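First the structure, in the form of structure tokens, and then the observations on it.
Protein chains: 2
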Amino acid sequence: MSRATDAGRVAVVGLGLVGGSLTRLLAARGADVVATDTHPGARSDARAVGLRVTDDLAALCATEPDLVVLAVPLRAVRATAAELAPLLAGSDATLSDVGSVKGPVRAAVGAAGLADRYVGAHPMAGTEHSGFAASDAALLDGAPWAVTVAAPGTAAPGEPARLARVLRLVTGPLGGTAAVVTDDRHDEAAALVSHVPHVLATQLLNAVAGAPVRDLALGLAAGSFRDGTRVALTDPARTEAMVTENAAWVAPALRKAVRDLEVVIGALETNGSLHDVFHAADEVRELRAGARARSGGPDEDLPVGGAWTAGLVDDLVARCTAGAVVVRADDDVVRVRAPR
Amino acid sequence: MSRATDAGRVAVVGLGLVGGSLTRLLAARGADVVATDTHPGARSDARAVGLRVTDDLAALCATEPDLVVLAVPLRAVRATAAELAPLLAGSDATLSDVGSVKGPVRAAVGAAGLADRYVGAHPMAGTEHSGFAASDAALLDGAPWAVTVAAPGTAAPGEPARLARVLRLVTGPLGGTAAVVTDDRHDEAAALVSHVPHVLATQLLNAVAGAPVRDLALGLAAGSFRDGTRVALTDPARTEAMVTENAAWVAPALRKAVRDLEVVIGALETNGSLHDVFHAADEVRELRAGARARSGGPDEDLPVGGAWTAGLVDDLVARCTAGAVVVRADDDVVRVRAPR
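Protein chains in written order, with the numbering used here: chain H, 1 to 340; chain C, 1001 to 1340.
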């Protein structure tokens, strides 16, 4: 069985929405967690609710954590990693993060010489708010995570054991599931289900904001516009950073969107058929309708056999890239749930 | 004060989601309402809940309604209007509808010689379901409506009185508000806040459905994808019809979307700034944040002065095109609420 102590001591860098929620949830589950933040207000607010907080990164690393989780804004990862590197020089601590893109974060920690101890992580949860005041243990409780490994052929020998540590944390005290994939597959999928939706929502809002019929349109707006623009109402600077950091995957996905929209425009302007456009995703519609009625795919237990190996990691990546998730990670077995 | 009987006898053609909900709400409010449908099952279901239903259009018109509301699918409007025209030959009944586009409906009823008695109407409410079984008086109770008049210079002399009748219905027993605008302004605004959002939601769903990382992406999908694709999960044939009927306004709006997306792609590919894109709608963000805190704009009573005139209609159109709505329409006064 997973135990809260399986993950060892966890050090969280950054007490914003996600870092604060992560620290709260781990503390609530009895895990050994310590955190810090560059803002004195965040530190005192976190101490006021009973969390263990250090004044700076040096003091955080002096607690000898087994796992350090970067929960700082994407633009701050490079500088934070550079500050962290000498502090971790005598330690074997694993480094992870909670960023919404993974390839650029691996590159940033790599620039600080920390790539060999890095395992990427991204909880699929969030709100339109930010800061420790908005943090809440419930935000991450049971969340689906993506946990990312290096590209094939580039992994450090220690990666399987570090991955196991992160998976024990996610599926243990955090109560979540983990899709183990490469950075590229994560960033490609995140572009499709998160970054492109944010860009399209922004375009919808901008189009109405700049239209001569703006006030009438806003007055008539109902469900489809409200849903379609909800994420555009959140902090636009944060959205800009997220989209920009994943430019390598967002740009081609938007190019495809443009091509698709040009097909629609062409049909509308020539009285052509839109049948194929509107029925292209019928299989997904049926899958979703079916998924609501089912409780989940079948589980399969994979034997670990002593120590986690690169072969086991490759197997997990292959299964998760096809939609499976890890639901439990013990010393002797890893449990995988097939996609619904 | 508005009275339920102000609207006279209302005949509803079509007992689907909207027609059924309209008939139920009017009956619940004690209004004089009769309905029909070409499907015997819809007629018997409606009778079973106590609604007054005729077997066909001829019997419906024989009840001598003051207002006939077409609540049939867009593709059926032209044929229904042609069947209705001879049945209304000896009557002064006003003709209205509930369609999601207005210019094409006016053209269709005009082809049957009914344009002079037509006032367009579109309730801004709906669900992903359809049919009488899904109808519910609550769906339309208090809904915002668009009510449309002919283009400047083309209105029949009787239009002001017919508009007054429709506004009494909407703001009286239906408890709603009405934006009085021309067909073109309605269709332009509806393209922006309804039809383009439906196309973009469909594109998002199609892109994921056709991606090599489909199963991973669906597994990682969280709020932004769920919200961004919700309306794409509804009946795609209905969406296709709605978008196609409003091609004249949807196509140019999509062309603008393509241009906007190309700006984003260009910035992503050249490491350019996206600041302006992500902050273009800041004023609307602030308006929306403010609107949530306020209860509504100030009301103004416009005197009718005996009978509704073309000048009063022009005044209402000017105000509503700028975001105002009619909240009450009596014989002597029409009350207009300024935009928030």
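Every residue gets a Cβ at the ideal spot worked out from N, C-alpha and C, and that includes glycine. Note that the structure is predicted; figures quoted are calculated from it, not measured.
Whole-angstrom distance between R1255(C) and Q1203(C), CA atom to CA atom: 15 Å
If I measure Cβ to Cβ from G113(H) and keep anything under 8 Å in the same chain, skipping five residues before and after, which residues do I get? A85
Between E1269(C) and chain H, is any beta-carbon pair separated by less than 8 Å? yes
Are V1166(C) and A1137(C) closer than 8 Å when you measure CB to CB? With contacts defined as CB atoms closer than 8 Å, V1166(C) and A1137(C) fail to qualify as a contacting pair.
Can you give me the start and stop residues for the beta strand (DSSP E) that V180(H) sits inside? Where V180(H) is concerned, the enclosing beta strand (DSSP E) stretches over 177 to 182.
Using only alpha-carbon positions, find the residue among G1323(C), V1333(C), A1076(C) that is nearest to A1146(C). G1323(C)
Cβ of D1141(C) within 7 Å of any heavy atom in the ligand NAP? This structure lacks the ligand NAP, and indeed carries no ligand of any kind.
Should R1214(C) be labelled buried (16 or more other beta-carbon atoms within 10 Å of its own) or exposed? buried
Residue from T1036(C), T1038(C), L1051(C) whose Cα sits closest to the Cα of R1024(C): L1051(C)
Residues of the region 1245 to 1263 of chain C with a CB closer than 8 Å to any CB of chain A: list them in chain order, please. Protein chains H and C are contained in the structure displayed, whereas chain A is not.
Quickly, what does DSSP pair S96(H) with across the bridge? List them, please. V69(H)
Hey, how far is the Cα of S96(H) from the Cα of V193(H)? When rounded, the separation of the alpha-carbon atoms in S96(H) and V193(H) is 22 Å.
Can you find a CB in chain C that lies within less than 8 Å of the CB of A151(H)? no
Check whether the Cβ of L1114(C) lies closer than 8 Å to any Cβ atom in chain H. no
Looking only at its own chain, which residues have a Cβ that is under 7 Å from the Cβ of V1317(C), when we skip the five neighbours before and after it? V1149, V1180, V1181, T1182
Taking the DSSP output, what are the residues bridged to E1300(C)? V1336(C)
May I ask you to list the residues that DSSP assigns as paired with R255(H)? Per DSSP, none; premise fails for R255(H).
Check the Cβ of R1288(C) against every Cβ in chain H and list those closer than 7 Å, keeping chain order. L233
Listing by chain order, which chain H residues have their CB less than 7 Å from the CB of T1202(C)? The contacting residues are V277, F278.
With distances taken Cα to Cα, identify the nearest neighbour of D1056(C) among V1018(C), A1011(C), L1022(C), L1312(C). A1011(C)
Taking a contact to mean a Cβ-Cβ separation below 8 Å, would you say G16(H) touches G99(H) in this structure? no
Go to D1314(C), then tell me how far its alpha helix (DSSP H) extends in each direction, as first and last residue. 1310 to 1321
CB contact below 8 Å: S1224(C) versus chain H: yes
If you measure from the beta carbon of P1236(C) to each beta carbon in chain H, is any gap under 8 Å? yes
Roughly how many angstroms lie between the CA atoms of E159(H) and G14(H), to the nearest whole one? 24 Å
Should E240(H) be labelled buried (16 or more other beta-carbon atoms within 10 Å of its own) or exposed? buried
Measuring alpha carbon to alpha carbon, tell me which of V1326(C), V1258(C), G1019(C), D1332(C) ends up nearest T1177(C). V1326(C)
Identify the continuous beta strand (DSSP E) that holds R328(H) and give its terminal residues. 325 to 329
Mind checking if E240(H) is an interface residue toward chain C, Cβ cutoff 8 Å exclusive? yes
Note down, in chain order, each residue of its chain lying with its Cβ closer than 8 Å to the Cβ of V264(H), except the 5 sequence neighbours on either side. L274, V277
Close beta carbons around A1161(C), own chain, < 8 Å, minus the five adjacent residues each side: A1307, W1308
Between the region 100 to 111 of chain H and chain C, which residues of the former have CB atoms less than 8 Å from a CB of the latter, in chain order? none
In chain C, which residues lie with their C-beta within 8 Å of the C-beta of V193(H)? What V193(H) touches in chain C: V1208, A1217, L1218, L1220, A1221, A1222, S1224, F1225.
For G126(H), three-class secondary structure by DSSP: coil
I'd like to know whether the C-beta atoms of E283(H) and A1209(C) end up nearer to each other than 8 Å. Between E283(H) and A1209(C), the C-beta gap is smaller than 8 Å, which places the two residues in contact.
By the criterion of Cβ-Cβ separation under 7 Å, what are the contact partners of V181(H) in chain C? Result: L1216.
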